[in-house]
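Take a look at the structure below.
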Amino acid sequence: MFFIFGIKTKLVGQQQRKVLKSGFMMNAIVSVYKNYFELFFIPIFPFSKKYSIYIPHSDEYFETNYFSSEMPKEYLDICKEVGKTY
């Protein structure tokens with residue numbers, strides 16, 4: 016038998032939120048991704064979420080990945096709050 020399987024990351028949603036940066040409220044774009052196990056290029060089931068946040072004013076980008084989280088805790092809390100809706 017021949018099976019093709021893998022992991023696919025899919026953008027689930029994106030929202031714009033206000034974040035506190037250097038004493039000022041700035042707009043940030045929060046993206047929520049889901050990782051899917053796929054079989055024959057068809058997503059079967061989700062097994063984790065991944066978050067990213069981009070602050071255009073200061074040109075900063077943070078994301079969570081499989082091995083470590085480079086995102087500050089206050090931004091991770093905002094991302095998890097957005098992730099609850101997806």
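Positions 16 to 101 (this note's numbering) are the ones given, in order, by the sequence shown. Think of the CB as a built atom: it goes at the ideal place given N, C-alpha and C, for glycine as much as any other residue. Since we're looking at a predicted model, the values are computed, not measured.
Mind checking which residues open and close the alpha helix (DSSP H) that includes residue i?
i: residue 85; result: Careful: residue 85 lies outside any alpha helix (DSSP H) and carries neither H nor E.
Check the DSSP bridge columns for residue i and list the partner residues they point to.
i: residue 19; result: Beta-bridge pairing links residue 19 to no other residue.
i: residue 58; result: 53
i: residue 36; result: 39
Closest by CA to residue i, which one among the options?
i: residue 66; options: 21, 19, 28 and 22; result: 28
i: residue 74; options: 81, 62, 41 and 23; result: 41
i: residue 22; options: 45, 63 and 43; result: 63
Could you tell me whether any non-hydrogen atom of the ligand MN is closer than 7 Å to the CB of residue i?
i: residue 30; result: Of ligands this structure carries none, so the ligand MN is not represented either.
Between residue i and residue j, what straight-line distance do the alpha-carbon atoms span, to the nearest angstrom?
i: residue 101; j: residue 25; result: 12 Å
i: residue 11; j: residue 47; result: Any answer about residue 11 is impossible in this case: the structure gives the chain only from 16 up to 101.
How is the beta strand (DSSP E) around residue i delimited, first residue to last?
i: residue 76; result: 75 to 78
Exercise. Pairing CB atoms from the segment 31 to 44 with CB atoms from the segment 54 to 63, are three or more of them under 8 Å?
Worked result: no
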